[in-house]
Amino acid sequence: MRTITGFQKKGIRSADGSVDQANELNQFFNRFDSSSPSPSCPNIPLDNNGSPSHLPEPLTPLPTSSPSPRLTPYMDPSMSPIPPTRLSFTSGQVRRELERLNQRKAAGPDGISPRVLKSCSRQLCGILQHLFNQSLHLQRIPVLWKTSCLVPVPKKTHPVAPSDYRPIALTSHIMKERLDPLQFAYQPKVGVDDAVIYLLQRAYFSLDRLNTTVRVMFFDFSSAFNTIQPRLLRAKLEKMQMDAPLVSWIEDYLTGRPQFVSLRSCVSDLLMSNTGAPQGTVLSPFLFTTYTADFQYHSETCHLQKYSDES
C-alpha cells in the first residue's frame, strides 16, 4: 500500500496566492491563444486540491483466478478489437513505458499517480493499449488527457509580475531523422555543451585564416512552447510526410485544451487553449523542434545553431 500511494510528507509548492492571482496567471499563460472562435470549455468539476472530481462508475471486475506464470496482461473480453492500422501499440510496449514512469512525479488532473500506473503495469497495459489504439484510430484524445494543471514556478528569487513565472504543466501520465543537425536540444546525449564545442570549432577554424573575424549574435525564443500554432505545425508535419492520422492526432492534442492554474489551495477558472504545447510534457520538445526545423541556415561563412538553455 505504501508503494502504490507513495506515502511521504508533501513538498512545498513554489508559488502561493489568491484565486485572483491564479486567474491572472492563467490569462497571462494563455495570452498567445488565437482570436479564432473556440469551443466552450467543458464542465470539468475540480475539488479543493485542483483535481477533477468524478462520480463513481461501475467497473468490470478483474478475473478472480491467480495470474499465470507468464504474467499475461488482462484484457476485458467486452472490448471490441481495433481495426488494423499502420499506427498501433502492443501491450508489451505500453507495459514497458509504464514501468519507466518516474514515481516521484505529481499526478495529473485525472488524479492518477504514476506510482499506481507503474506498480499495476501488468494489469493495466492491455486496457491502456486498447485506449491508445482507439485514440490513434479515431484521431481524437479524451479531453481529460489534454487538461493541464499549470503550476507557476518563479524564474527569479522575488517574482513581482506574471512574466516572472514559468508555467509547468501537470498532464495525465496516460498519454528524428529529418531534424536540423544543428539543433542541439531535446535529443538524447545532445545538449548545450555540444553547441558550445561546435561553435568554438567553427570559430577557431575561421580565425586560422588571415584577415578574418568572428561575430556571434544570440537570439532567444520568448515563451517558445506557448507560441506554437497547430495549423502551421500541421502543415510542416505534412511537408515532412508524416503519417496523416498521426498528424491529425497531434493537431487534436494541441487544440481544445482546458487549463487551470493551481496555487496551493487556490485554483483558477478553466480556460480553453488552442495555441502552444504544454510545458513539461514529453511530446512538447519534439513538436517545438519540428516547428522550428525549417529555421536554419548553413554556409561556409555563416551558420545558424539552435540550443536549449535547459538541456
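With UniProt numbering as the guide, the letters of the sequence shown map in order to residues 1 to 311.
The beta carbon of each residue, even a glycine, is placed where N, CA and C say it ideally should be.
Keep in mind it's a predicted model, so treat the numbers as computed, not measured.
To the nearest angstrom, how far is it from the Cα of residue i to the Cα of residue j?
| i | j | result |
| --- | --- | --- |
| G92 | D110 | 24 Å |
| L246 | L233 | 12 Å |
| V267 | S18 | 8 Å |
| T255 | W145 | 12 Å |
| P226 | F29 | One point to set straight first is that residue 226 is Asn, not Pro, in the sequence displayed. The straight-line gap from Cα to Cα measures roughly 8 Å. |
| H298 | Q305 | 9 Å |
| Q241 | R96 | 28 Å |
Under the assumption that residue i contacts residue j (Cβ atoms under 8 Å), give the Cβ distance between them as a whole number of angstroms.
| i | j | result |
| --- | --- | --- |
| S284 | Q139 | Incorrect: roughly 19 Å between the Cβ atoms, too far for contact. |
| T281 | T147 | With a Cβ gap of about 12 Å, T281 and T147 do not count as contacting. |
How would you call residue i, buried or exposed, if buried means at least 16 neighbouring beta carbons within 10 angstroms?
| i | result |
| --- | --- |
| K105 | exposed |
| P58 | Any reading at P58 needs caution, since the residue's pLDDT is 40, under 50, leaving its predicted position unreliable; the model's value is listed next. It counts as exposed. |
| P154 | exposed |
| A235 | exposed |
| L87 | exposed |
| I174 | buried |
| R257 | buried |
| N26 | buried |
| A169 | buried |
| A244 | exposed |
Cβ of residue i within 8 Å of Cβ of residue j?
| i | j | result |
| --- | --- | --- |
| E24 | P162 | yes |
| L271 | Q279 | no |
| T292 | F32 | no |
| H303 | R215 | no |
| Q103 | K118 | yes |
| A224 | F288 | yes |
| L131 | P114 | no |
| V94 | Q129 | yes |
| Y250 | L237 | Note on residue identity: the sequence assigns Ile, not Tyr, to residue 250. In this structure, L237 lies closer than 8 Å to I250 by Cβ. |
| P159 | V261 | no |
Is it the case that the CB of residue i approaches a heavy atom of the ligand ZN more closely than 7 Å?
| i | result |
| --- | --- |
| D220 | By its list of ligands, the structure shown contains no ligand whatsoever, and the ligand ZN lies outside what it can speak to. |
Determine whether the Cβ of residue i lies closer than 8 Å to any Cβ atom of chain D.
| i | result |
| --- | --- |
| E300 | Absent from the structure: chain D. Only one protein chain is present. |
Uninterrupted alpha helix (DSSP H) stretches inside the segment 234-276 (no shorter than 4 residues): With a minimum length of 4 residues, the continuous alpha helix (DSSP H) runs that stay inside the segment 234-276 are 244-254.
What ranges does the beta strand (DSSP E) occupy inside the segment 96-156, keeping only unbroken runs of at least 3 residues that lie completely in it? The DSSP assignment places complete beta strand (DSSP E) segments of no fewer than 3 residues inside the segment 96-156 at 148-154, in order along the chain.
Just list the alpha helix (DSSP H) runs in the segment 184-238, keeping only unbroken ones of 4 residues or longer that don't cross its boundaries, in chain order. Entirely contained in the segment 184-238, the alpha helix (DSSP H) runs reaching 4 residues are, in chain order, 192-207.
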